[in-house]
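Working notes, beginning with the structure itself.
In full-length UniProt numbering, the protein residues as written are 1 to 431.
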């Protein structure tokens, strides 16, 4: 058997800034409450509140807003009769856009508990809440589809700009904690089935992935996310692969609409495929790290399951060696007896992720030298708590051989500012 030399963790390069524990760039501003939130930008805006459906699937037969409009401080109340009859998608992704245009600002056919039935615009939150309680709606309740496994064969988020268009005044709609939980955009619920075919020597020769995805009441990112369950899991194992198959279906249900979350569908597919590879290793009596090293994608390999692209920049084999050495995989796998009746298990998995559309979308930064000798880092990535301001500053400091404190980070405030960085629609959608 051919052996592969494994590099020791002692070969880890010594960095000046990268990998070091430094103070987060925005920690002091967060502590002092300096960051500006949506409510801080337009403090004199009308308060917009939404009347939401208590039913998962129903047709609003009639609605009476007359009493709501008489509440002192209420500017107006709107129903499906007032909004434009033009469907749209809440998905916000780059071309080619795969999400269906299936939403109205208000639709008399409500499709999940929390779907919007009416809009109230008022001078204060108290007036708006009082008005909501005085709106009367008559529903024709329909049978809901709640199990996405049966939906395949089964016979709106409101934009505040509508209120501004009607009233001519700035308007602000802020979700309550309950609305954030019941009307936000959770990760797509999926059922992923995996079949593997391998030789006794561990060569994976066939791989099949079948996915069923629950898009919820609307179709935002439905096809885009389900596609990546296969397109970003199967390409991890092209080494001896002779055949692969990927089937997927996306269904509507009368559940909370799903949206874009980190991993964007790849997470669900990789969890299933990696679990199957671990089961294969156990059945063959193989070390799961070595089994992956035998079959994994390497630099220069074509990936038929990922639109035929070539892995031109891929260090997965070297990273696998490096991480297993640093972790002490040989000593810790599969389990260690910790005493007192406790054991600690070790596991391994790989993942593949990309951002944007190859050959079209770009990611870039601008670094400027200041008069005082420091550096200005201009980026379009928004730090949403992920610490990207700090991490990118560490990278600049590493290359410029300067302290991290000498790098000032400026994020773009509009789409036209400074630099272009398109790969983060899912992160923005997830907030």
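C-beta atoms are modelled at their ideal positions from N, C-alpha and C, and glycine is treated no differently.
Where the beta strand (DSSP E) through residue i begins and ends
{"i": "residue 249", "result": "243-252"}
{"i": "residue 211", "result": "204-216"}
{"i": "residue 366", "result": "366-369"}
{"i": "residue 184", "result": "From DSSP, residue 184 is part of no beta strand (DSSP E); its letter is neither H nor E."}
{"i": "residue 411", "result": "407-411"}
{"i": "residue 193", "result": "189-198"}
{"i": "residue 342", "result": "342-345"}
{"i": "residue 433", "result": "Examination of residue 433 is not possible in this model, given that the chain is present from 1 through 431 alone."}
Within 7 Å, strictly: CB atoms of residue i and residue j
{"i": "residue 56", "j": "residue 65", "result": "no"}
{"i": "residue 99", "j": "residue 220", "result": "yes"}
{"i": "residue 145", "j": "residue 50", "result": "no"}
{"i": "residue 67", "j": "residue 134", "result": "yes"}
{"i": "residue 396", "j": "residue 367", "result": "yes"}
{"i": "residue 194", "j": "residue 209", "result": "yes"}
{"i": "residue 148", "j": "residue 250", "result": "no"}
{"i": "residue 229", "j": "residue 277", "result": "no"}
{"i": "residue 131", "j": "residue 74", "result": "yes"}
{"i": "residue 188", "j": "residue 258", "result": "yes"}
{"i": "residue 47", "j": "residue 163", "result": "no"}
{"i": "residue 231", "j": "residue 306", "result": "yes"}
{"i": "residue 398", "j": "residue 23", "result": "no"}
{"i": "residue 110", "j": "residue 58", "result": "yes"}
{"i": "residue 36", "j": "residue 127", "result": "no"}
{"i": "residue 311", "j": "residue 170", "result": "no"}
{"i": "residue 270", "j": "residue 324", "result": "no"}
{"i": "residue 295", "j": "residue 204", "result": "yes"}
Residue i - DSSP class collapsed to helix/strand/coil
{"i": "residue 162", "result": "helix"}
{"i": "residue 98", "result": "coil"}
{"i": "residue 396", "result": "helix"}
{"i": "residue 222", "result": "helix"}
{"i": "residue 322", "result": "helix"}
{"i": "residue 119", "result": "strand"}
{"i": "residue 156", "result": "Bear in mind that the predicted position of residue 156 carries a pLDDT of just 39, short of 50, making it unreliable; the figure below should be weighed with that in mind. Note: residue 156 maps to coil in three-state DSSP."}
{"i": "residue 70", "result": "coil"}
{"i": "residue 268", "result": "helix"}
{"i": "residue 15", "result": "coil"}
{"i": "residue 177", "result": "helix"}
{"i": "residue 230", "result": "helix"}
{"i": "residue 88", "result": "strand"}
{"i": "residue 293", "result": "helix"}
{"i": "residue 238", "result": "coil"}
{"i": "residue 436", "result": "What the structure shows of the chain is the stretch from 1 to 431, and residue 436 is not part of that stretch, so it cannot be assessed."}
{"i": "residue 106", "result": "coil"}
{"i": "residue 316", "result": "helix"}
{"i": "residue 47", "result": "strand"}
{"i": "residue 64", "result": "strand"}
{"i": "residue 283", "result": "helix"}
{"i": "residue 137", "result": "strand"}
{"i": "residue 309", "result": "strand"}
{"i": "residue 77", "result": "strand"}
{"i": "residue 349", "result": "coil"}
{"i": "residue 417", "result": "With a pLDDT of 47 at residue 417, under the threshold of 50, the modelled position of this residue cannot be trusted; read the value that follows with caution. Looking at residue 417 - three-state DSSP - the assignment turns out to be coil, as it is neither helix nor strand."}
{"i": "residue 422", "result": "Low confidence applies here, because residue 422 scores a pLDDT of 48, under 50, leaving its location unreliable and the question unanswered by this model."}
{"i": "residue 276", "result": "helix"}
Presumed contact (8 Å Cβ cut-off) between residue i and residue j, rounded CB distance
{"i": "residue 216", "j": "residue 206", "result": "The Cβ separation is near 33 Å, so there is no contact."}
{"i": "residue 26", "j": "residue 389", "result": "6 Å"}
{"i": "residue 167", "j": "residue 190", "result": "With 8 Å as the limit, residue 167 and residue 190 do not qualify as a contact, their Cβ atoms being about 42 Å apart."}
{"i": "residue 349", "j": "residue 334", "result": "Contact flag wrong, Cβ pair sits at about 14 Å."}
{"i": "residue 108", "j": "residue 90", "result": "With 8 Å as the limit, residue 108 and residue 90 do not qualify as a contact, their Cβ atoms being about 19 Å apart."}
{"i": "residue 112", "j": "residue 101", "result": "The Cβ separation is near 18 Å, so there is no contact."}
{"i": "residue 118", "j": "residue 182", "result": "About 17 Å separates the two Cβ atoms, so there is no contact after all."}
Closer than 7 Å to chain C by CB, residue i
{"i": "residue 69", "result": "Looking for chain C here will not work: only one protein chain is present."}
Among the options, nearest to residue i - alpha-carbon criterion
{"i": "residue 289", "options": "268, 331, 386", "result": "331"}
{"i": "residue 124", "options": "313, 233, 172, 273", "result": "172"}
{"i": "residue 393", "options": "385, 384, 378", "result": "378"}
{"i": "residue 240", "options": "38, 297, 262, 261", "result": "297"}
{"i": "residue 410", "options": "31, 88, 90, 376", "result": "376"}
{"i": "residue 237", "options": "292, 285, 313", "result": "292"}
{"i": "residue 63", "options": "35, 72, 16, 136", "result": "136"}
{"i": "residue 114", "options": "42, 343, 256, 381", "result": "256"}
{"i": "residue 143", "options": "387, 53, 254", "result": "254"}
{"i": "residue 69", "options": "122, 106, 81", "result": "122"}
{"i": "residue 406", "options": "383, 369, 381, 287", "result": "369"}
{"i": "residue 287", "options": "179, 19, 202, 20", "result": "202"}
{"i": "residue 268", "options": "314, 353, 174", "result": "353"}
Delimiting residues of the alpha helix (DSSP H) encompassing residue i
{"i": "residue 41", "result": "38-41"}
{"i": "residue 331", "result": "329-332"}
{"i": "residue 149", "result": "148-151"}
{"i": "residue 126", "result": "125-133"}
{"i": "residue 29", "result": "27-31"}
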